[in-house]
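Novice: Chains as they are written, first to last, in my numbering: chain L, 8 to 139; chain G, 5 to 144. For each residue, glycine too, the CB sits at the ideal point set by N, CA and C. This structure is a prediction, so every number in the text was calculated from the model and none was measured.
1. Could you have a look at residue 35 (chain G) and say whether DSSP puts it in helix, strand or coil?
2. Going by C-alpha distance, which of G:25, G:44, G:27 is nearest residue 34 (chain L)?
3. CB of residue 108 (chain L) to nearest heavy atom of the ligand SAM: below 6 angstroms?
4. Which residues, in chain order, does the region 77-95 of chain L contribute to contact with chain G at a C-beta distance below 9 angstroms?
5. Assuming residue 115 (chain G) and residue 107 (chain G) are in contact, meaning their beta carbons sit under 8 angstroms apart, how far apart are those beta carbons, in whole angstroms?
6. Of all Cβ atoms in chain G, is any one closer than 7 angstroms to the Cβ of residue 131 (chain L)?
7. How about residue 46 (chain G) and residue 108 (chain L): do their beta carbons lie closer than 7 angstroms?
8. Listing by chain order, which chain G residues have their CB less than 9 angstroms from the CB of residue 33 (chain L)?
9. Check whether the Cβ atoms of residue 89 (chain G) and residue 136 (chain G) lie closer than 7 angstroms to each other.
10. Alpha carbons only, please: which of G:113, G:128, G:75 is nearest the one belonging to residue 53 (chain G)?
11. Just to check my reading of the structure: residue 25 (chain G) and residue 22 (chain L) have Cβ atoms closer than 8 angstroms, yes? What is that Cβ distance to the nearest angstrom?
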């Protein structure tokens, strides 16, 4: 009779222990897997390089005229262009999805001949993508 | 005979009860663990200072993928989607549209929570007024 409550206590303790272990394991596993997925899904880190250039002939080149809304919508491009406006060259890290978005919006990754110039506030810029 | 059987079946019942309780505790712990990990990740990302963005890409041909039509309810639930597809954030670039079969039509700032919800809800091709769209979310 006396050992009954002890037994119950032991069972509850074992259950609680199993529960805690599973809880912690799930949290740790999910967290690490998700962080690895978020940071690794895009592949290696990429960098957008923007260089301010002097353009004399614009006859056979495409020029994309950037607006303030463009810069607001593309923070990576904004960061690199703002730097390039001051220091001639600007860099900004980006993920694979950001790279894809910039390719489809401004042709930043196009072949050398096709690459459009970007124009903002009277200055012209060329873009490159660096892979790390 | 009956007196002999009773304690046996009782202990069997007890064992079965313990196994069921263990299983239940395990399932509850795993579900709680997933929820906690999810909340932790969102909390960590929101504290990172990065700005997640939502972009919408228009595609010329949907192919044979599943297509989900966008309704007014979708736009009401997700104002960011509304702003990019038919609102003030619609801002398509003219780059190569015509020779390529896709273009980004705009983007807007969203919270990590909203970004995650959008990513999970709209993982297929969407259709609105005869145009096809896919969404892209960035987590810096």
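Specialist: In short:
1. In the structure shown, residue 35 (chain G) adopts helical secondary structure according to DSSP, grouped into three states.
2. For residue 34 (chain L), the nearest C-alpha among the options comes from G:44.
3. Annotation note on the ligand SAM: not contained in the displayed structure, which lists no ligands.
4. Legend: CB atoms of the region 77-95 of chain L lying less than 9 angstroms from CB atoms of chain G belong to residues 77, 79, 80, 81, 82, 83.
5. Incorrect: roughly 26 angstroms between the Cβ atoms, too far for contact.
6. Not an interface residue.
7. No. Outside cutoff.
8. Those are 33, 34, 35, 36, 37, 38, 40, 41, listed as they occur along chain G.
9. No, these two residues do not count as a Cβ contact at 7 angstroms.
10. Closest option to residue 53 (chain G), Cα to Cα, is G:113.
11. For residue 25 (chain G) against residue 22 (chain L), the beta-carbon gap comes to about 6 angstroms, under 8 angstroms, which counts as contact.
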